[in-house]
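Residue 13 in UniProt numbering is what sits at position 13 of the sequence shown, and the numbering runs on without skipping anything.
Just so it is clear, CB atoms sit at the ideal spot from N, CA and C, and this is done for glycine as well.
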Amino acid sequence: MTVTTRVLTGEALAAALEDVARLRIRVFRDFPYLYDGNQDYERDYLRAYQSPGAVVVAALDGASVVGAATGAPMADHAADFAAAFEGRPEPLDQIFYCAESVLLPEYRGQGIGHAFFDAREAHARALGLTYSAFCSVIRPADHPGRPVNYRPLDDFWRKRGYQPLPGVIAHFSWRDLGDEAETEKDLQFWMRHL
Numbered sequence: 001m002t003v004t005t006r007v008l009t010g011e012a013l014a015a016a017l018e019d020v021a022r023l024r025i026r027v028f029r030d031f032p033y034l035y036d037g038n039q040d041y042e043r044d045y046l047r048a049y050q051s052p053g054a055v056v057v058a059a060l061d062g063a064s065v066v067g068a069a070t071g072a073p074m075a076d077h078a079a080d081f082a083a084a085f086e087g088r089p090e091p092l093d094q095i096f097y098c099a100e101s102v103l104l105p106e107y108r109g110q111g112i113g114h115a116f117f118d119a120r121e122a123h124a125r126a127l128g129l130t131y132s133a134f135c136s137v138i139r140p141a142d143h144p145g146r147p148v149n150y151r152p153l154d155d156f157w158r159k160r161g162y163q164p165l166p167g168v169i170a171h172f173s174w175r176d177l178g179d180e181a182e183t184e185k186d187l188q189f190w191m192r193h194l
């Protein structure tokens with residue numbers, strides 16, 4: 001499989017958001033997110049990418065979008081995420097938020113995850129930002145939905161220079177698979193200097 005990545009901003013980004021929504025719904029169904037998503041929720045959530053500093057990095061197999069990574073200046077993203085940085089020394093207007101990275105399973109292990117981070121970090125530098133951050137959901141080690149062969153991505157993130165920020169936890173709600181209602185989840189922030 002030959003996969004290429006393309007950085008999208010402006011109108012090209014807006015045109016890709018339906019693909020991002022489709023991929024989020026599909027990929028985030030798996031552990032650790034267990035997300036029971038729908039298009040209406042996705043459309044509302046993805047409005048954050050109307051920011052002029054937003055980016056989508058699309059992974060393409062021919063004309064098919066098989067993965068996507070998103071990002072935007074933290075100051076332009078959901079207040080739930082920015083609130084986690086209250087009391088931190090880094091100014092919000094200097095942090096780029098690497099939001100989701102979603103890639104279909106059959107395309108993993110080919111370096112696309114690195115390409116996603118490389119492109120978003122380059123975009124953040126071009127915007128003049130100093131830090132890059134993302135968050136990941138916290139699930140207990142004994143969670144009943146955890147697959148036996150599950151491997152967290154902590155080593156991958158550390159090799160890229162990211163470290164977890166002690167106590168910097170976002171709170172965000174979504175409906176887990178099999179649940180009737182949304183429940184609040186804790187998400188650990190990781191960050192690196194660019």
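Under DSSP, the beta strand (DSSP E) around Q94 begins and ends at which residues?
Sequence index remark: in the sequence shown, residue 94 carries index 94 (1-based). Element bounds for Q94: n/a, residue is neither H nor E.
contact_flag[the stretch 176 to 192, the stretch 127 to 139] where n(CB pairs < 8 Å) is 3 or more:
yes
So for A133, helix, strand or coil by DSSP?
On the sequence shown, residue 133 is found 133 positions in, with the first residue counted as 1. The answer is strand: DSSP assigns A133 an E or B state.
Would you call the stretch 110 to 119 in contact with the stretch 73 to 92, where contact means no fewer than 3 C-beta pairs closer than 8 Å?
no
In the DSSP assignment, find the alpha helix (DSSP H) that holds V27 and state where it starts and stops.
Here residue 27 refers to the residue found at position 27 of the sequence shown. Run containing V27: 10 to 27, per the alpha helix (DSSP H) assignment.
Straight-line Cα distance separating D80 from S173:
Residue numbering aside, residue 173 sits at position 173 when the sequence shown is read from its first letter. Residue numbering aside, residue 80 sits at position 80 when the sequence shown is read from its first letter. Roughly 10 Å between the two C-alpha positions.
Determine the DSSP secondary structure at P32, reduced to helix, strand or coil.
For this step, residue 32 is matched to residue 32 along the sequence shown. Here P32 sits in coil by DSSP.
Just to check my reading of the structure: A68 and E42 have Cβ atoms closer than 8 Å, yes? What is that Cβ distance to the nearest angstrom?
Residue 68 sits at position 68 when you count from the first residue of the sequence shown. Residue 42 sits at position 42 when you count from the first residue of the sequence shown. The pair is not a contact, with the Cβ atoms about 12 Å apart (cut-off 8 Å).
If we ignore side chains and look at the alpha-carbon of each, how far apart do D93 and F28 end up?
Position 93 of the sequence shown, counted from the first residue, corresponds to residue 93. Position 28 of the sequence shown, counted from the first residue, corresponds to residue 28. Taking the straight line joining both Cα atoms gives about 28 Å.
Following the continuous beta strand (DSSP E) through A72, name the residue where it begins and the one where it ends.
For the purposes of this step, residue 72 is identified with residue 72 of the sequence shown, where counting begins at 1. Per DSSP, the unbroken beta strand (DSSP E) holding A72 starts and ends at 64 to 73.
Taking DSSP's pairing of strands, which residues face R6 in a bridge?
Mapped onto the sequence shown, residue 6 falls at position 6. Answer is A58.
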